[in-house]
Every structure is written in C-alpha cells, then in structure tokens.
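Protein chains in written order, with the working numbering: chain A, 1 to 231; chain B, 1 to 278.
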Amino acid sequence: MRPLTLWRYEARRAGWAALLGPPIAVALGVSAALANPRPGDATTARILLGALEMAVPLAAGVACASLVGRDPAVELQLAAPTPYRVTLLRRMVVTLGWAAVVAGLTAAVLIATGWWARWPANHGPFAGQLTWVAPTAGLGAVGFAAGAVFRGPAAAGALVTTLWTIQQFFGDLAQRHLPGRLLYLFATTRGAVPGDWTENRLALLGAAAALVALALVVLARSERLIGEEDE
Amino acid sequence: MTSQTARTLGASLRYEFRMQVRKRSVWIVPALTVVLFLLIGGSLLRDLFDPNERKGQPAEARTAVVGLAVQVHALLSIGFGCLLADRLIRDDRLRVAPILDATPARPGARLVGKYLGAGAATAVPILVVYFGFAAAYAVHTDAPQALGWALATCAVVIVPGLLFVAAFALTLPLVMPAPLFRVIFVGYWLWGNVVVPDMMPTLARTLVHPLGGYPLDALLDFHGIDGDDTWAGPVPGATLNFLRPAPTPTTAWLSIAVLLVVAAAALAGGHAVRARRA
Chain A
1 MRPLTLWRYE ARRAGWAALL GPPIAVALGV SAALANPRPG DATTARILLG ALEMAVPLAA
61 GVACASLVGR DPAVELQLAA PTPYRVTLLR RMVVTLGWAA VVAGLTAAVL IATGWWARWP
121 ANHGPFAGQL TWVAPTAGLG AVGFAAGAVF RGPAAAGALV TTLWTIQQFF GDLAQRHLPG
181 RLLYLFATTR GAVPGDWTEN RLALLGAAAA LVALALVVLA RSERLIGEED E
Chain B
1 MTSQTARTLG ASLRYEFRMQ VRKRSVWIVP ALTVVLFLLI GGSLLRDLFD PNERKGQPAE
61 ARTAVVGLAV QVHALLSIGF GCLLADRLIR DDRLRVAPIL DATPARPGAR LVGKYLGAGA
121 ATAVPILVVY FGFAAAYAVH TDAPQALGWA LATCAVVIVP GLLFVAAFAL TLPLVMPAPL
181 FRVIFVGYWL WGNVVVPDMM PTLARTLVHP LGGYPLDALL DFHGIDGDDT WAGPVPGATL
241 NFLRPAPTPT TAWLSIAVLL VVAAAALAGG HAVRARRA
C-alpha cells in the first residue's frame with residue numbers, strides 16, 4: 001500500500017470525531033471570547049489562548065480515547081503483518097497531528113493579529129506553542145492509555161473528560177502542591193506559579209511519553225483485545 | 001398504556017439495568033473520579049469533616065449534605081453522560097436493532113425502558129458515593145437528619161439533573177459521533193452550569209440548569225457552603241435574564257418540570273430520528 005493511501009485510511013479509521021473535534025473546539029472557544037462583554041483585552045486574549053490550552057486538548061484526548069475498540073473485526077487486524085498496536089499508534093499520530101495543524105494555524109492567526117501578546121503570560125511565539133502542545137499530548141496519552149486498559153471508548157472518554165473537568169473546577173486545589181502544579185493542564189491561562197511553567201510543560205510531555213509506553217505494553221497482550229470488550 | 005406496552009417497558013428496563021450495572025466501567029469511572037478528587041485534596045471531605053476548615057464551626061447538617069450533593073453531582077455527572085453515550089447506538093453497532101424492531105415490542109416503549117434502566121444503573125454508583133459520604137457524615141457528627149436531607153436533595157436536585165443528562169446522552173449520538181458528543185457535553189456542562197452569567201450568555205442559573213440552581217436555592221435554602229452564594233435568579237447586566245425569574249418554591253418546581261420536559265423532548269426527538277431511519 002502506498003504510504004499516502006495508508007495514512008488516509010488511518011485518518012478515516014480514526015473517525016469523524018477526531019476530524020471534527022479540534023475545529024469545533026476552536027470555533028466554540030473563539031465564540032466564547034467574542035461573546036465576553038467584560039472590558040480588557042487581556043480577558044479576551046486569555047479565553048482565546050484558553051481555546052488552545054483547554055478546548056483542543058479535550059477534543060484530542062477524547063478522540064484518542066476512542067481509538068481502541070472501534071475495529072469491527074479486530075481478529076483480522078491481529079493477524080496482519082503490522083502489529084495492531086502500531087496501527088493504533090498511527091491513528092493516534094493522525095489524531096494528534098490534525099489537532100496540531102488546527103491549533104498551530106489558530107496560534108499563527110492569534111500571533112499575527114496581536115492577540116497572542118495581549119495575554120501577559122504568553123511565553124513568546126515559539127516556546128509559547130507548548131501552551132497547546134503539552135496538554136494536547138498529555139490528555140491524548142491519557143485517553144490512549146485508558147482506551148488500551150479499558151478496551152472501550154466509553155470508559156476511556158469518561159475518564160479523560162472527568163480529569164479535564166476536575167482540573168477546571170478545582171484549579172486552585174489541584175495546584176497547591178508541586179506534583180499537582182507540574183501535572184496541571186492549564187498552566188498558561190490558569191497557572192498559579194508562573195516560574196513553574198517550563199517544568200510543568202516538560203512534565204506533561206514526559207507523562208505523555210510514559211503513558212503511551214504503558215499503552216503499548218498493555219496492547220501487546222493481543223488476546224485481551226478479542227471478544228472481551230466491556231459491552 | 002396498554003398492558004403489552006407496559007410489559008415491554010418493564011422488560012427492557014429490567015434487562016438494560018442488569019446489563020449496565022454489571023459493566024465494570026460503570027463502577028470504575030466513578031471510583032477513579034473519587035480517587036482523583038481525593039488526590040488533589042478535594043474540598044468535599046474537608047468541608048464536612050475538618051472543623052478547622054470551617055473556622056471552628058462544623059457545617060450544619062443540611063448545608064453540609066447539600067454542598068456535598070453539588071460537588072458529587074457536578075463531577076460524577078460527567079462520567080454518567082459519557083458512559084451512557086453508547087447505549088442507544090450500540091443496538092445499531094451490534095446489528096441487533098432490526099431484530100428488536102421485528103418483535104411486537106413497540107420501539108417507543110423499548111426506548112423509554114432503555115432510558116430508565118440504563119440511566120438508573122449508571123446512577124447507582126453515584127448514589128452509592130453520595131449516600132456513603134452522607135452516612136459517614138451523619139455518623140461522624142451524630143446528625144441522623146443529614147440522611148433525610150440527603151434523600152430530599154437527591155430527589156429534587158440529583159435525579160432531575162441526571163434524567164436530563166441521560167436523555168441527551170442517549171439520543172444525541174444518533175446525530176453525531178459518540179466521542180464528539182462527549183466533548184460537546186463536557187463543554188456544555190461547564191458553560192451551562194458554572195460560567196458566570198455576566199461573563200457570557202449562558203444557561204447557568206436559568207430554569208434550564210441541570211445542576212439544580214432553583215431547587216438548591218428555593219427548596220433547600222442552600223447558599224453555598226459558606227452561606228454567601230446565590231445559585232439562581234437574575235444577574236444584573238447578564239443576557240437571558242428572562243429565563244431567570246426570582247427563586248421561589250414555585251419557580252423551583254417549574255425548573256424541575258422544565259428539565260423533565262426538555263428531557264422528554266430529547267427522547268421524542270431521538271425516537272423520531274430512529275423511526276425515520278428504520
């Protein structure tokens with residue numbers, strides 16, 4: 001199979017939610033920023049950056065949580081020369097890659113129009129891209145690992161959305177201690193200690209790598225994937 | 001309702017309940033939620049059990065268990081909606097929908113049975129968590145009336161809210177992919193429940209408030225754990241204030257009725273979509 005055909009196929013198997021999620025997330029975030037009547041550019045800029053740091057990772061995380069358990073004849077996949085976990089990893093790359101394209105373009109527009117610079121804690125146009133890279137990778141990896149462990153999108157999606165909501169509802173509590181601050185998803189727009197930002201972003205990326213490794217180990221036990229889906 | 005319809009409803013309710021309550025994920029997700037919540041040092045237990053947190057004054061039983069309900073409801077409803085999102089489309093995915101449609105059991109009765117059965121089963125762990133904490137509080141502070149308040153809160157706040165969520169969680173995945181529903185649902189839950197109304201147009205604090213602002217305010221006289229919050233009613237300068245009448249017992253019951261009517265409309269819509277596709 002030619003590589004392009006292969007990747008197009010994997011994009012289709014990743015599902016409509018992976019395709020539609022990130023643009024819808026950005027659109028809703030931008031509408032929220034436009035609907036905000038409070039004066040002050042900083043508030044509007046914060047909501048715009050929030051669309052990248054909160055909404056895009058949520059969409060990508062739930063899409064990654066929905067990769068395991070989608071194939072109707074998983075036995076065929078398991079019998080193919082390509083290991084099934086490599087196939088699933090490809091679909092995760094497609095899902096996160098598309099979220100990155102959407103988020104990157106949005107960030108470029110925000111930088112060009114000056115909105116990026118209006119949020120004081122923006123960390124510049126280059127390193128600042130970790131605003132969305134780190135939480136997207138982190139939540140995507142949580143979703144992928146949860147999907148591998150639970151073998152179904154319902155529980156994995158529920159876990160991703162719950163984790164996201166807990167960090168939204170209890171942002172202050174979650175950041176009272178250093179481990180909580182390091183793993184806080186929204187450190188750019190709701191961070192408690194600005195000095196922790198770089199460590200926080202790197203910790204999220206490290207956690208993402210560890211979770212993907214865990215998922216690949218779990219997925220290597222292919223007999224778990226057959227017929228035991230938690231219906 | 002004919003006896004055939006009633007039997008169909010009862011049977012599908014029973015089986016959907018049993019199927020769902022045996023799913024491991026229905027128990028694992030709320031359990032992990034509570035663990036995560038305790039890990040970040042959730043305010044829930046401190047508010048209830050730590051007198052230092054309350055400036056030496058332990059919260060009064062009613063305030064304590066109603067506050068607990070708000071936190072449990074706000075947090076565990078997320079998993080509740082996400083877990084229910086695959087229940088209706090599952091019949092199509094497993095290709096059993098045509099077989100079920102070929103039986104004399106009417107589709108409408110089966111849908112309502114699935115709604116009540118799967119919804120009740122998914123709510124069981126949430127109620128276990130809530131009443132578990134409420135019972136612990138009642139024993140800890142020697143306040144048995146806490147359990148009565150917990151029952152009342154459950155009836156007027158948690159149950160209507162969950163019925164509202166369940167109706168949309170079952171039917172919306174008919175018209176959009178289930179993962180997309182999960183994303184939009186969480187966004188809605190935050191926007192429609194906790195966003196401050198003068199920040200952007202929102203359904204928070206209106207009659208359509210699944211977190212139960214009106215019943216909390218007018219029926220349970222709850223104004224936040226510290227007694228200085230309002231949960232319903234008009235906000236100066238906010239849009240959609242026409243949906244925010246002053247909180248009274250009448251508007252509180254009206255708010256519950258609105259939630260149930262909207263839920264019924266969502267179910268009817270889902271039924272119509274399925275009937276047209278069949």
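Beta carbons: idealized from backbone N, C-alpha and C, even for Gly.
When the cut-off is 8 Å and only beta carbons count, does residue i lie next to chain C?
| i | result |
| --- | --- |
| Phe37 (chain B) | Protein chains A and B are contained in the structure displayed, whereas chain C is not. |
Could you check the C-alpha separation between residue i and residue j for me, to the nearest Å?
| i | j | result |
| --- | --- | --- |
| Leu259 (chain B) | Val208 (chain B) | 6 Å |
| Gly119 (chain B) | Glu75 (chain A) | 32 Å |
| Gln77 (chain A) | Thr113 (chain A) | 47 Å |
| Gly67 (chain B) | Trp231 (chain B) | 12 Å |
| Met92 (chain A) | Phe144 (chain A) | 8 Å |
| Leu105 (chain A) | Gly97 (chain A) | 12 Å |
| Leu32 (chain B) | Asp229 (chain B) | 29 Å |
| Arg12 (chain A) | Leu19 (chain A) | 9 Å |
| Arg70 (chain A) | Tyr137 (chain B) | 43 Å |
| Ala135 (chain B) | Pro125 (chain B) | 15 Å |
| Ala220 (chain B) | Leu116 (chain B) | It should be noted that the sequence gives Leu, not Ala, for residue 220 (chain B). If I take the Cα positions, the gap works out to 26 Å. |
| Pro23 (chain A) | Leu180 (chain B) | 12 Å |
| Ala156 (chain A) | Arg85 (chain A) | 17 Å |
| Asp196 (chain A) | Val34 (chain B) | 27 Å |
| Ala35 (chain A) | Asp226 (chain B) | 31 Å |
| Arg244 (chain B) | Pro173 (chain B) | 30 Å |
| Pro249 (chain B) | Ala167 (chain B) | 25 Å |
| Ala213 (chain A) | Leu219 (chain A) | 10 Å |
| Ala154 (chain A) | Ser66 (chain A) | 8 Å |
| Leu84 (chain B) | Gly213 (chain B) | 24 Å |
| Thr153 (chain B) | Arg62 (chain B) | 9 Å |
| Gly242 (chain B) | Thr161 (chain A) | First, the amino acid is wrong: residue 242 (chain B) is Phe here, not Gly. One C-alpha to the other measures close to 31 Å. |
| Ala6 (chain B) | Arg277 (chain B) | 25 Å |
Can you tell me whether DSSP reads residue i as helix, strand or coil?
| i | result |
| --- | --- |
| Ser3 (chain B) | helix |
| Arg24 (chain B) | helix |
| Val56 (chain A) | helix |
| Gln167 (chain A) | helix |
| Leu183 (chain A) | coil |
| Ala74 (chain B) | helix |
| Thr206 (chain B) | coil |
| Met19 (chain B) | helix |
| Met176 (chain B) | coil |
| Asp217 (chain B) | helix |
| Asp91 (chain B) | helix |
Name the residue from the options whose alpha carbon lies nearest to the alpha carbon of residue i.
| i | options | result |
| --- | --- | --- |
| Arg8 (chain A) | A:Leu205, A:Val94, A:Ala156 | A:Val94 |
| Arg87 (chain B) | A:Asn200, A:Gly152, A:Pro120 | A:Gly152 |
| Leu139 (chain A) | A:Gly191, A:Ala45, A:Cys64 | A:Cys64 |
| Met54 (chain A) | A:Ala32, A:Thr82, A:Ala73 | A:Ala32 |
| Pro125 (chain A) | A:Ala137, A:Ala107, A:Ala208 | A:Ala107 |
| Trp119 (chain A) | A:His177, A:Thr189, A:Pro57 | A:Thr189 |
| Val149 (chain A) | A:Ala215, A:Leu4, A:Ala192 | A:Ala215 |
| Ile111 (chain A) | A:Ser222, A:Leu52, A:Ala220, A:Gly191 | A:Leu52 |
| Leu127 (chain B) | B:Ile89, B:Asp92, B:Val65 | B:Val65 |
| Val183 (chain B) | A:Ala174, A:Leu173, A:Leu159, A:Leu178 | A:Leu159 |
| Met176 (chain B) | A:Ala17, A:Arg2, A:Thr5 | A:Ala17 |
| Gly206 (chain A) | A:Gly147, A:Arg2, A:Thr136, A:Thr161 | A:Thr136 |
| Asp172 (chain A) | A:Glu223, A:Leu163, A:Ala192, A:Leu178 | A:Ala192 |
| Arg90 (chain A) | A:Val109, A:Pro194, A:Arg224, A:Pro3 | A:Pro3 |
| Ser3 (chain B) | B:Leu211, B:Ala246, B:Ala105 | B:Ala105 |
| Lys114 (chain B) | B:Ile256, B:Gly269, B:Arg276, B:Tyr15 | B:Tyr15 |
Tell me whether residue i counts as near the ligand COA, meaning its Cβ is closer than 7 Å to at least one heavy atom of that ligand.
| i | result |
| --- | --- |
| Ala17 (chain A) | The ligand COA is not among the ligands present in this structure, which contains no ligands whatsoever. |
Residues in the region 49-73 of chain A with C-beta within 8 Å of chain B's C-beta atoms, listed in sequence order?
-> Residues passing the 8 Å Cβ filter: Ala55, Leu58, Ala59, Val62, Ala63, Ala65, Ser66.
Is there contact between the region 147-164 of chain B and the region 69-78 of chain B, where contact requires at least three CB pairs shorter than 8 Å?
-> Result yes; three or more Cβ-Cβ pairs closer than 8 Å.
Mind the definition here: the region 13-23 of chain B touches the region 120-135 of chain B only if three or more C-beta pairs lie below 8 Å; say whether that holds.
-> With the cut-off at 8 Å, the region 13-23 of chain B and the region 120-135 of chain B touch.
Quick one, which residues of the region 166-199 of chain B are near chain A if we go by CB-CB under 9 Å, in chain order?
-> So the list reads Met176, Pro177, Ala178, Pro179, Leu180, Phe181, Arg182, Val183, Ile184, Phe185, Val186, Gly187, Trp189, Leu190, Trp191, Val194, Val195, Asp198, Met199, given in the order they occur along the chain.
Residues of the region 139-157 of chain A with a CB closer than 8 Å to any CB of chain B: list them in chain order, please.
-> For the region 139-157 of chain A, the set of residues with a beta-carbon nearer than 8 Å to any beta-carbon of chain B comprises Phe150, Gly152, Pro153, Ala154, Ala155, Gly157, in chain order.
Within the chosen definition, does the region 140-157 of chain B reach the region 76-96 of chain B through at least 3 CB pairs nearer than 8 Å?
-> Counting Cβ pairs under 8 Å, fewer than three are found: no touch.
Kindly confirm or deny that the region 172-189 of chain A and the region 104-116 of chain B touch, where touching means at least three C-beta pairs closer than 8 Å.
-> Taking 8 Å as the limit for Cβ pairs, the verdict is that the region 104-116 of chain B does not touch the region 172-189 of chain A.
What residues in the region 179-196 of chain A bring their beta carbon closer than 7 Å to a beta carbon of chain B?
-> Answer set for the region 179-196 of chain A: Gly180.
Check distances from the C-beta atoms of the region 61-80 of chain B to those of chain A and list, in chain order, the residues that come in under 7 Å.
-> Those residues of the region 61-80 of chain B that come within reach of chain A (Cβ to Cβ, closer than 7 Å) are Ala74, Leu75, Ile78, Gly79.
Members of the region 159-173 of chain A that neighbour chain B once the beta carbon cut-off is set at 9 Å = Listed by position, the residues of the region 159-173 of chain A near chain B (Cβ gap below 9 Å) are Leu159, Val160, Thr161, Thr162, Leu163, Trp164, Thr165, Ile166, Gln167, Gln168, Phe169, Phe170, Leu173.
Please determine if the region 91-106 of chain B and the region 192-210 of chain B are in contact, where contact requires at least 3 C-beta pairs separated by less than 8 Å.
-> No, they do not touch.
Near-chain B residues of the region 8-27 of chain A (beta-carbon distance less than 9 Å), N- to C-terminal order | Under the 9 Å Cβ criterion, the region 8-27 of chain A contributes Gly15, Trp16, Ala17, Ala18, Leu20, Gly21, Ile24, Ala25.
Got a sec: which bits of the region 17-34 of chain B sit with their beta carbon under 7 Å from any beta carbon on chain A, in order along the chain?
-> Against chain A - using a Cβ distance shorter than 7 Å - the residues of the region 17-34 of chain B are Lys23, Arg24, Ser25, Ile28, Val29, Leu32, Thr33.
Cβ-based contacts, 8 Å cut-off: residues of the region 200-222 of chain B near chain A = Against chain A - using a Cβ distance shorter than 8 Å - the residues of the region 200-222 of chain B are Met200, Pro201.
With 9 Å as the limit, tell me which residues of the region 116-137 of chain A have their beta carbon closer than that to any beta carbon of chain B; keep them in chain order.
-> Across the region 116-137 of chain A, no CB contact with chain B closer than 9 Å is found for any residue.
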